[in-house]
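Protein sequences, first through last, are from chains A and B.
In this text, residue positions in the first sequence follow the UniProt record's numbering: the first is 1, and each later residue adds one.
In this text, residue positions in the second sequence follow the UniProt record's numbering: the first is 1, and each later residue adds one.
There are 2 protein chains.
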Amino acid sequence: MAHYRDDLDAVLLALADPTRRRIVRRLGRGPASVGELARPFEMTLPSFMKHVRTLESSGVIRTSKTGRVRSCVLNRDRLALVDDWLAEQRELWSDRTDRLEAFVTDRHADRATEQKEPS
Amino acid sequence: MAHYRDDLDAVLLALADPTRRRIVRRLGRGPASVGELARPFEMTLPSFMKHVRTLESSGVIRTSKTGRVRSCVLNRDRLALVDDWLAEQRELWSDRTDRLEAFVTDRHADRATEQKEPS
């Protein structure tokens, strides 16, 4: 559980940046080299590499080197951690709505009974 | 668009912490005062308030003060920003899968034609 939490922290932190989200978006269309990924950004390569490393250490992307080229692929399973957490929250909200509905229905039934019974 | 991106940065950063995610989870069951929220955490009130303020400034929660009590409510719309971003990514992946499928199908059709035609 602690492990899952740490993982989720790292993934959310990695995604909390527009450059890194653009990289994720680009890799959603297929693998790419660091050179290709860096091209649309007005940024030095060392600055760009910091973003790549943050994404890699969070597990959101995987990289591998062949000769002088570093290739990057998206690891969708890591994004699923965020999906799972959000789904868990939605479940809590719907439980709450159900309880609220049951409460309102019960009150309504109670009142109907009260009105029928002589006081 | 820049505004949406900044908002999403703030929401993702706010969620990238286990204490803050526990607060969001608790508020998913209904509004609560800061005192109630702080109770399960082994933390000083000033430290806890920092988390509350991070959540508030990201818009994930709203707070209001009545007398000496500060109440907190969850703002689900802010979490929907994360949902929307994830949905956008999934759409890109499915486009890619569709294109890949079309490519494989085309290659298969090409080969079938090649095999029929005299070389």
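Cβ atoms here follow ideal geometry from the backbone N, Cα and C, with glycine treated the same way.
Note that the structure is a prediction, hence the values are computed from the model and not measured.
Which class does residue 34 of chain B belong to by DSSP, given the choice of helix, strand or coil? In the second sequence, counting from the first residue as 1, residue 34 of chain B sits at position 34. Residue 34 of chain B falls in the helix class under three-state DSSP.
Between the CA atoms of residue 16 of chain B and residue 54 of chain A - distance to the nearest angstrom: In the first sequence, counting from the first residue as 1, residue 54 of chain A sits at position 54. In the second sequence, counting from the first residue as 1, residue 16 of chain B sits at position 16. About 14 angstroms.
By the three-class DSSP mapping on this structure, what secondary structure does residue 71 of chain B have? Numbered from 1 along the second sequence, position 71 holds the residue referred to as residue 71 of chain B. Reduced to three states, the DSSP call for residue 71 of chain B is strand.
C-beta contact flag for residue 31 of chain B and residue 73 of chain B at 8 angstroms: The count along the second sequence starts at 1 and reaches residue 31 of chain B at position 31. The count along the second sequence starts at 1 and reaches residue 73 of chain B at position 73. In this structure, residue 73 of chain B lies closer than 8 angstroms to residue 31 of chain B by Cβ.
Check whether chain B comes within 8 angstroms of residue 82 of chain A, counting only Cβ atoms and requiring the distance to be less than that. Stepping through the first sequence from its first residue, residue 82 of chain A is reached at position 82. By this cut-off, residue 82 of chain A is an interface position.
When we look at the beta-carbon of residue 27 of chain B and count the other beta-carbons within 10 Å, is it buried (16 or more) or exposed? Here residue 27 of chain B refers to the residue found at position 27 of the second sequence. Residue 27 of chain B is buried by the Cβ-count criterion.
Counting only beta-carbon separations shorter than 8 angstroms, does residue 102 of chain A have a partner in chain B? Position 102 of the first sequence, counting from 1, holds the residue named residue 102 of chain A. No, residue 102 of chain A lies away from the interface with chain B (no Cβ there is under 8 angstroms from its Cβ).
Is residue 51 of chain A buried or exposed, if buried means 16 or more other CB atoms sit within 10 Å of its CB? For the purposes of this step, residue 51 of chain A is identified with residue 51 of the first sequence, where counting begins at 1. With 16 or more other Cβ atoms within 10 Å, it is buried.
Contact belief for residue 8 of chain B with residue 93 of chain B at Cβ below 8 angstroms, rounded distance in angstroms: The residue given as residue 8 of chain B occupies position 8 in the second sequence. The residue given as residue 93 of chain B occupies position 93 in the second sequence. So it is not a contact: roughly 19 angstroms between Cβ atoms.
Label residue 45 of chain A either buried or exposed according to how many other C-beta atoms from any shown protein chain fall within 10 Å of its C-beta, with 16 as the threshold for buried. Here the question's residue 45 of chain A lines up with position 45 in the first sequence. Flag for residue 45 of chain A reads exposed.
Unbroken beta strand (DSSP E) run spanning residue 29 of chain B, endpoints: As a position in the second sequence, residue 29 of chain B is number 29, starting the count at 1. Premise fails: residue 29 of chain B is in no beta strand (DSSP E) and is neither H nor E.
DSSP on residue 63 of chain A, reduced to helix/strand/coil? As a position in the first sequence, residue 63 of chain A is number 63, starting the count at 1. DSSP places residue 63 of chain A in strand when its eight states are reduced to three.
Simplified DSSP assignment, three categories, for residue 44 of chain B: In the second sequence, counting from the first residue as 1, residue 44 of chain B sits at position 44. Reduced to three states, the DSSP call for residue 44 of chain B is coil.
Quick one: grab the DSSP three-state call for residue 17 of chain A. Here residue 17 of chain A refers to the residue found at position 17 of the first sequence. It is coil, neither helix nor strand.
So what's residue 39 of chain B in DSSP terms, helix, strand or just coil? Along the second sequence, one-based indexing puts residue 39 of chain B at 39. Three-state result, residue 39 of chain B: coil.
For residue 10 of chain B and residue 13 of chain A, what's the separation of their Cα atoms in angstroms? The residue you call residue 10 of chain B lines up with position 10 of the second sequence. The residue you call residue 13 of chain A lines up with position 13 of the first sequence. Spanning the two alpha carbons is a distance of roughly 10 angstroms.
C-alpha gap between residue 110 of chain A and residue 81 of chain B, whole angstroms: Indexing the first sequence from 1 puts residue 110 of chain A at position 110. Indexing the second sequence from 1 puts residue 81 of chain B at position 81. Taking the straight line joining both Cα atoms gives about 41 angstroms.
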